[in-house]
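Colleague:
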Amino acid sequence: MGETIKKSSKTDQYKAPDYYQLDELLTDEHKMIRDSVRAWVKQEVSPIIEQYTEEAKCPLHLYKQMGALGALGPSLPEQYGGGGMDEISYGIIMQELERGDSGIRSMASVQGSLVMYPISRFGSEEQKMKYLPSLASGSMIGCFGLTEPDHGSNPSGMITNIKDDGDSVILNGAKMWITNSPIADIAVVWAKDEEGIVRGVIVEKGMKGFTAPEIKGKWSLRASITGELVFEDVRVPKENILPGVKGLKGPLSCLSKARYGISWGAIGAAMDCYDAALRYSQERFQFGKPIGQFQLTQKKLAEMITEITKAQLLAWRLGSLANDGKATPQQISMAKRNNVWMALQIAREARQIHGGMGITNEYPLMRHMMNLETVLTYEGTHDIHLLITGMDITGFNAFS
Ligand code: TGC
Ligand code: FAD
């Protein structure tokens, strides 16, 4: 697992669409960050991603490179190795990574927003010093355990629990669908204490009674590794409990951070599909003409660029609100839901424009499409985000 696959010699011809001159909304620093991540994706991700996907392998060697790029925890404080960047920079980085592949963006999302963020925000000084610099550099890998076999959309029902035992707690339970779990050095695990209050616990690889088997057979996000977390009387020192938060708002605030990144990331996948379809429509001839001359192809392309542009504006405005500390979880839900759905529709339309060629690994369409099925479900499903918006505007809870 993780061994380097030879780079393909195929040239990545990607040209990012910017129909509404959104570049003018970005600072020179944003553009510099964007250009460096875009160039890295072209050089390091595009030449290997189809092969890693086909073989269902995680390109682990990219972690340290992403650390060096500043893609792990970009908007976290610099003091412990975070990037100290603003929220728009964080979003742009996720967009560029997911342009390469949703699995690569997932590697960065989990590490930055679901592992480094809770330690940075809720951890003790000792925990920050011990874990954050190694996580920021990519020399340590983390995972985030919230979902359980019987509690996905409803994490408040979790049964994973900790019981007091002197200087330690004893952890029991199981988590399911955990990105990175089989390769992670640490897991930020959410478990109920004896009063039924959700607490965050840092579990380290090698602790007795802790295993993390891989989940195989995924047709989506194949370049990202997923597994379980199983805890059988795992003794965890109390110093590994995150002292700064109690209750479900702990993990849910991490989700807000990661969902924000996904709302930008999905645009990257859509931009890649649109760009491939536009080029193909100019190069592919049928009935003696480029297929881009047919009105039905133009309808598809025109609708794609319209939806991408709307999503870009939504993400940019959300980023501005986030920079001012004003983005609400509900606004983040709307952007995650809209932009992931938009990207999935565009992947499907772009695949159609490519005809039969669209189902091959010569083009990124099926890979993005299959990946986006996961992105539509994780970090809160498409329907859960709709219900979050519904509750926000009506005041009525339709979850339960
Ligand atoms: P509810 O009563 O609404 O909330 C409990 C407490 O949390 C607060 N809160 C939030 N805080 C910050 N950010 C958010 N997004 C928040 N949402 C809620 C809330 O204010 C309350 O605080 P307090 O002080 O009153 O206690 O909780 P509920 O049990 O009714 O649940 C609501 C619901 C269904 C929306 C929520 O549980 C939910 O979002 N479910 C979806 C689960 C989910 O998204 N799981 C994701 C797992 S991680 C993952 O998928 C990683 S994939 C990563 C990758 O590979 O990239
Ligand atoms: P369920 O909650 O069982 O939902 C099934 C269906 O029922 C969905 O369509 C849902 O929308 C619908 N539904 C549920 N409740 C309601 C309701 N009240 N009203 C209407 N419809 C409803 N989790 C982590 O903790 N950490 C990770 O790193 C992580 N990585 C993941 C990686 C991958 C590849 C995948 C696939 C998942 C990952 N997840 C992770 C889990 C992910 O967050 C959950 O799959 C997701 O939250 C949905 O939970 P579920 O799969 O149990 O579906």
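Reading the sequence shown from the start, the letters are residues 150 to 549 in the numbering used here.
For each residue, glycine too, the CB sits at the ideal point set by N, CA and C.
Looking at P298: is its Cβ nearer than 8 angstroms to the Cβ of A323?
Modeller: yes
Colleague: Can you give the Cα-Cα distance for W326 and F443, rounded to whole angstroms?
Modeller: 44 angstroms
Colleague: Quick check: does the Cβ of E245 come within less than 7 angstroms of any heavy atom belonging to ligand 1?
Modeller: no
Colleague: Quick check on the burial criterion: 16 or more other C-beta atoms within 10 angstroms. Buried or exposed for Y168?
Modeller: Looking at its Cβ environment, which holds fewer than 16 other Cβ atoms inside 10 Å, Y168 is exposed.
Colleague: Going by C-alpha to C-alpha distance, which of M181, K459, D184, I502 sits closest to W490?
Modeller: K459
Colleague: Express the C-alpha separation of G261 and T360 in angstroms, rounding to a whole number.
Modeller: The alpha-carbon atoms of T360 and G261 are separated by roughly 23 angstroms.
Colleague: Label N546 either buried or exposed according to how many other C-beta atoms from any shown protein chain fall within 10 Å of its C-beta, with 16 as the threshold for buried.
Modeller: exposed
Colleague: Would a C-beta distance cut-off of 8 angstroms place D424 and K164 closer than the cut-off?
Modeller: yes
Colleague: Using only the heavy atoms of ligand 2, determine whether one of them is closer than 7 angstroms to the beta carbon of I182.
Modeller: Taking non-hydrogen atoms of ligand 2 into account, the C-beta of I182 is found less than 7 angstroms away from none of them.
Colleague: For R557 and I237, I'd like the C-alpha separation in whole angstroms.
Modeller: Beyond the ends of the chain as shown, which are 150 and 549, falls residue 557; an answer cannot be given.
Colleague: Could you tell me the boundaries of the alpha helix (DSSP H) in which T328 lies?
Modeller: No alpha helix (DSSP H) holds T328; the beta strand (DSSP E) holding it covers 317 to 328.
Colleague: Looking at C-alpha atoms only, which residue of P223, E388, D532 is the closest neighbour of D316?
Modeller: The option with the nearest alpha carbon to D316 is E388.
Colleague: Would you check if the distance between the CB atom of I502 and the CB atom of K449 is smaller than 8 angstroms?
Modeller: At a Cβ-Cβ threshold of 8 angstroms, I502 and K449 count as neighbours.
Colleague: For Q431 versus P439, is the C-beta spacing smaller than 8 angstroms?
Modeller: Closer than 8 angstroms, so yes.
Colleague: Could you check where the beta strand (DSSP E) with K341 kicks off and where it finishes?
Modeller: Annotation for K341: the continuous beta strand (DSSP E) segment containing it runs 335 to 341.
Colleague: Name the DSSP bridge partner or partners of I311?
Modeller: L320
Colleague: Helix, strand or coil for Y503 per DSSP?
Modeller: According to the sequence shown, residue 503 is His rather than Tyr. Residue state, collapsed to three classes: coil.
Colleague: Between I241 and ligand 1, is the CB less than 7 angstroms from at least one heavy atom?
Modeller: No, the beta carbon of I241 sits no closer than 7 angstroms to any heavy atom of ligand 1.
Colleague: What is the DSSP secondary structure of F434, counted as helix, strand or coil?
Modeller: Looking at F434 - three-state DSSP - the assignment turns out to be strand.
Colleague: From the DSSP output, in three-state form, read off L263 for me.
Modeller: helix
Colleague: For Q480, which residues of its own chain have a beta-carbon under 7 angstroms away from its beta-carbon, when the five flanking residues on both sides are left out?
Modeller: Counting only Cβ-Cβ distances below 7 angstroms, and skipping sequence neighbours, we find L467, L470.
Colleague: For the segment 371 to 380 against the segment 327 to 340, do three or more pairs of beta-carbon atoms, one drawn from each stretch, fall closer than 8 angstroms, so that the two count as touching?
Modeller: yes
Colleague: Between the alpha carbons of E522 and G306, how many angstroms are there, rounded?
Modeller: 25 angstroms
Colleague: Quick check on the DSSP output: the beta strand (DSSP E) that includes P386 runs from which residue to which?
Modeller: 375 to 386
Colleague: From the DSSP secondary-structure annotation, give me the bridge partner or partners of E363.
Modeller: G376
Colleague: Give the list of continuous beta strand (DSSP E) stretches no shorter than 3 residues that lie fully inside the segment 485 to 541.
Modeller: none
Colleague: Closer than 7 angstroms to a non-hydrogen atom of ligand 1 - does that hold for the CB of K398?
Modeller: Yes, since a heavy atom of ligand 1 falls inside the 7 angstroms radius drawn around the Cβ of K398.
Colleague: DSSP on I457, reduced to helix/strand/coil?
Modeller: Helix at I457.
Colleague: How many angstroms separate the CA atom of N487 from the CA atom of Q170?
Modeller: 21 angstroms
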